[in-house]
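Here's the structure, in structure tokens; my notes come after.
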Amino acid sequence: MDIDDQALLSTRANAVRNGVASQLRIADVDTAIPAAFCVVANILAGPLVELAPRLTAACVSGGHLILSGLLRTQAFEVRAAYSAGFDMVRTVERDEWCCIYARRMA
0 MDIDDQALLS TRANAVRNGV ASQLRIADVD TAIPAAFCVV ANILAGPLVE LAPRLTAACV
60 SGGHLILSGL LRTQAFEVRA AYSAGFDMVR TVERDEWCCI YARRMA
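Structure representation (structure tokens):
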């Protein structure tokens, strides 16, 4: 889900190129987030923290959560917002940016 048509076109092309099934659609922050095995959010840290209850609720048991678009200095705050019910598997850093990979506990 994204508010930007171009972002969905790019995501769809990348999914096809990598052989990944996806269901993509235009949405805004008030749109209900459907349950998914893998929830990916590439937005700033503030919105990631704000959306934590909605994004965690959308991730099914045993599912994956990938959070990016945040600075290394913001990783602790974002991890804390998603820690309930999730195993923080790995944080990948590149320059000043990072990506958090978590898995919902069964």
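Take the sequence shown: its letters are residues 0 to 105, numbered as in numbering that gives the first Met the number 0.
Even for Gly, the Cβ is constructed at its ideal location relative to N, Cα and C.
Residue 35 (DSSP reduced to helix, strand or coil) | Counting from one through the sequence shown, the residue named residue 35 turns up at place 36. Correct three-state label for residue 35: strand.
8 Å contact criterion, which residue 95 and residue 78 should meet: CB distance rounded = By one-based count along the sequence shown, residue 95 stands at place 96. By one-based count along the sequence shown, residue 78 stands at place 79. Contact doesn't hold; Cβ gap of about 17 Å is too wide.
Taking Cβ positions, are residue 64 and residue 54 nearer each other than 9 Å?
-> By 1-based counting over the sequence shown, the position of residue 64 is 65. By 1-based counting over the sequence shown, the position of residue 54 is 55. A contact, by the Cβ cut-off of 9 Å.
What's the gap between the Cα of residue 99 and the Cα of residue 50?
-> Start at 1 with the first residue of the sequence shown, and residue 99 comes out as number 100. Start at 1 with the first residue of the sequence shown, and residue 50 comes out as number 51. Distance between the alpha carbons of residue 99 and residue 50 is about 15 Å.
Close Cβ partners of residue 80 (< 8 Å) along its chain, the five nearest in sequence each way excluded | Position 81 of the sequence shown holds residue 80. Hits under 8 Å: 47, 48 and 51.
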